[in-house]
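The structure appears right after this line, and notes come after that.
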Amino acid sequence: MSCFIGESMAQNISQYTMWNQNHYLVNPAAAGNQNYFDAALGFRRQWAGVKDAPRTFYATAHSVLNRPKTHERSALRISSLSSNGVYKKSKSLSKPMVKHALGGSVISSEFGAFETNEAMLTYALHLPLYKDISLSFGLSGGLNNFGFNQSKATVIQENDPTYNAYIAGENANQLNINAGTYLYSDKFFFGYSAQQLLQNELRLANIATNPDAGIVNFEIYHYVMGGYNFDLTNDLRLSPNLLFKQLGNNPASFDINATLTYKQFIYGGLTYRSEDAISLMGGIQINHLLRMGYAYDYTTSDLNERSNGSHEIFLGMTLF
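Each residue of the sequence shown is one higher than the last, beginning at 0 in numbering that gives the first Met the number 0.
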């Protein structure tokens, strides 16, 4: 049970390798960063081969409420060829304007005998700064549900007091608030977000011999994200990205990745996650409505003796 508690504290916020395909997952201010309705589904199986390792499913959607009449109809980048043979933005694209965006997300995770479910709604305000550069502010609010699934935990002795304490523990709904800011254009993005701003305390069990053992204290999770798009030729775009993460007073960790996109149609990339994994990822833009991707993490920590790596699937949709 002590091992499960360690996992619950470490995994109360899900981890993603393909966050660069869906900035809204880690920053509410990214809602409405494109002038089309963007929906996404994802599934992550972490540390395959380890029994009861974390599994996460998510669904997100966001859109600009006051979209300009010349809004983009899909995730395909609209551009034309410049004199030096690289992409330049088409004049047909709308000029920066004050935008209001709404978004929503549902995330469900399982880790061992513990389960979390989250439903959030987001509002984001986008302010034009200069030419195609905008600054947005986002706020998310919703509910988190935490529970203990007794069918996934077994004990050697019947009437084990710790096991019984968790069965009788909370299956509680708690209010959650996230916030962020996001500076972006067609060429770059930079953002900061903070999750679990209310820093709730959750008592999963009431253990008489150790009152603190069944309590999870949520700390603020800080994210700093950034990236730049280099148009190498008319066909190739190189996109390096960086994500810093820090939970409370714990040491910071980071993901650094780079993807190479060919003709806005297919991409591949590499990710390094500090002291954890090296990842391969790839994806394809099937048509103007649908895109999909897959990532495989090779575990570099001591868990690689038991883990077969982690798998993540991403499906993105442009509905209109």
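Glycine residues also receive a C-beta, built at the ideal position from the N, C-alpha and C atoms.
Is there at least one non-hydrogen atom of the ligand GDP closer than 7 Å to the beta-carbon of residue i?
i    : result
R272 : The ligand content of the structure shown is nil, which means the ligand GDP is not present either.
Give the single residue among the options whose Cα lies nearest to the Cα of residue i.
i    : options                : result
L241 : N148, N144, Q14, V223  : V223
Y57  : V105, G268, G137, S184 : V105
F217 : S108, E200, E109       : E200
F110 : S252, N233, G247, R43  : R43
M119 : G141, T317, L128, F113 : G141
D254 : Y162, D296, A100, L124 : D296
G102 : F313, L235, L24        : L24
L289 : E274, F319, M280       : F319
D230 : A251, I219, T258       : T258
I12  : L314, D234, Y220       : Y220
T115 : F187, L126, A171, R66  : A171
F189 : F136, F145, M291, R66  : F136
L128 : M96, N177, L237, V154  : M96
S238 : N256, H22, F145, T232  : N256
N265 : H61, D234, A276, N21   : As written in the sequence, residue 265 is Ile, which differs from the Asn given in the question. Checked all of H61, D234, A276, N21; the closest Cα to I265 is D234.
Q20  : V154, T270, R305, D275 : T270
State the Cα-Cα distance for the pair residue i and residue j, rounded to the nearest angstrom.
i    : j    : result
Y122 : D301 : 41 Å
E311 : T299 : 17 Å
L138 : G267 : 32 Å
G282 : N158 : 50 Å
M17  : Q149 : 32 Å
A303 : S278 : The sequence given here has Asn at residue 303, not Ala. Between N303 and S278, the C-alpha separation is close to 13 Å.
N249 : A193 : 15 Å
G225 : A294 : 20 Å
F147 : Q45  : 19 Å
K244 : I285 : 32 Å
K98  : V63  : 7 Å
L246 : G308 : 23 Å
K183 : Q33  : Contrary to the premise, residue 183 reads as Tyr rather than Lys in this sequence. Distance between the alpha carbons of Y183 and Q33: 10 Å.
S108 : G48  : 17 Å
L174 : K151 : 26 Å
Y35  : Y261 : 22 Å
S273 : Q14  : 13 Å
H287 : Q263 : 11 Å
E117 : F187 : 30 Å
L197 : Y191 : 17 Å
Y162 : N228 : 52 Å
N65  : M291 : 27 Å
Q156 : N143 : 32 Å
A9   : F113 : Its pLDDT being 40, under 50, A9 is placed unreliably by the model, and the measurement read from it follows with that caveat. So the two alpha carbons sit approximately 12 Å from each other.
N177 : Q195 : 6 Å
F313 : H22  : 13 Å
What does residue i pair with, by DSSP beta-bridge criteria?
i    : result
A171 : F145
L124 : H99, F136
N240 : G226, N256
R66  : For R66, which the question treats as bridged, DSSP gives no partner whatsoever.
L289 : M316
V105 : A58, A118
A178 : L138, A193
G111 : According to DSSP, which records beta bridges pairwise, G111 is partnered with nothing at all.
T270 : N256, S278
Three or more beta-carbon pairs under 8 Å between the segment 37–55 and the segment 121–132, yes or no? no
Okay, do the segment 44–55 and the segment 28–36 touch, 3+ Cβ pairs below 8 Å being the bar? no
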